Amino acid sequence: MSRTSFAAFLVLFLAAGPLAAQEVSVHDVWAKATPEGAPMGAAFLTVDNLGGDDLLRSATSDVAEAVELHSHVMEDSVMRMRQIEGVPIPAGSTVAFKPGGLHIMLIGLHSALQAGSSFPMTLIFDKAGPVTVNVTVKAPTAGAHSN
Ligand SMILES: [Cu+2]
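Start counting the sequence shown at 5; every next residue gets the next number (the numbering used here).
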């Protein structure tokens, strides 16, 4: 390895240091595309917690007036969504937000979410702090595993 590339490697290594130490990792972040004029959208993601117990407190994004954490609950044998105060992310766990379960509700969309586009969203954890992720918009028929 030349001196120059070693220096570049060192810089990359040092730059990646704080990221590698981050205790939560957020991946597979996507939202369902919405038709023009739709008031609401939903985003989904997976959180891996490599550290101690944490709590996802809230989320923010500029694409909507309000962003809420929601879960689905069975009430009188009907599935309903309900806002929740925070989502516990236990030490060492993987918590998935997916259709029919936990999701992030985008309320008062400023414009339609178009398939193929993306937007930033910030997740606020009690311990890990704010984590900004890029949300990929997928066609409504796309499942969590299609790309
Ligand atoms: Cu919801």
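From the three backbone atoms N, C-alpha and C, an ideal C-beta is built for every residue, glycine too. Model, not experiment: these values are computed from the prediction.
Give the DSSP bridge partners of residue i, in chain order.
i: G45; result: L110
i: V30; result: V51
How long is the line joining the alpha carbons of residue i and residue j, rounded to whole angstroms?
i: G120; j: A100; result: 22 Å
i: R61; j: Q118; result: 27 Å
i: V141; j: G133; result: 25 Å
i: A37; j: G45; result: 8 Å
i: T64; j: V91; result: 15 Å
i: V137; j: V30; result: 7 Å
i: Q87; j: E27; result: 26 Å
i: A95; j: V51; result: 11 Å
i: V135; j: D80; result: 37 Å
i: S150; j: D32; result: Unreliable positioning characterises S150 in this predicted model, as indicated by a pLDDT of 40, which lies under 50. The coordinate reading is nonetheless provided below. Computed Cα separation, rounded: 10 Å.
i: D174; j: F129; result: One cannot answer for residue 174 here, as it falls past the ends of the chain, which runs 5 to 151.
i: E69; j: G56; result: 32 Å
i: R84; j: L54; result: 31 Å
i: L23; j: T98; result: With a pLDDT of 47 at L23, under the threshold of 50, the modelled position of that residue is not reliable, and the figure given next carries that caveat. Cα-Cα distance, rounded: 18 Å.
i: H107; j: L127; result: 12 Å
i: A47; j: V82; result: 22 Å
Please tell me whether residue i has its Cβ less than 8 Å away from any Cβ of chain D.
i: G112; result: Protein chains in the displayed structure number just one, and chain D is not present.
Smallest Cα separation from residue i: which of the options?
i: V139; options: T126, S122 and A95; result: S122
i: K102; options: W34, S29 and D80; result: W34
i: M78; options: P144, G104, I108 and A116; result: G104
i: A4; options: P144, V135 and I93; result: Nothing can be reported for residue 4: it is not among the residues displayed for the chain, which extend from 5 to 151.
i: E40; options: G112, M125 and V71; result: G112
Write down every uninterrupted run of the beta strand (DSSP E) in the region 75–142 whose length is 3 residues or greater and which is fully enclosed by it, in chain order.
82–87, 91–93, 98–101, 107–113, 122–129 and 133–142
Suppose only complete runs of 4+ residues qualify. What are the alpha helix (DSSP H) ranges in the region 47–76, listed by chain order?
none
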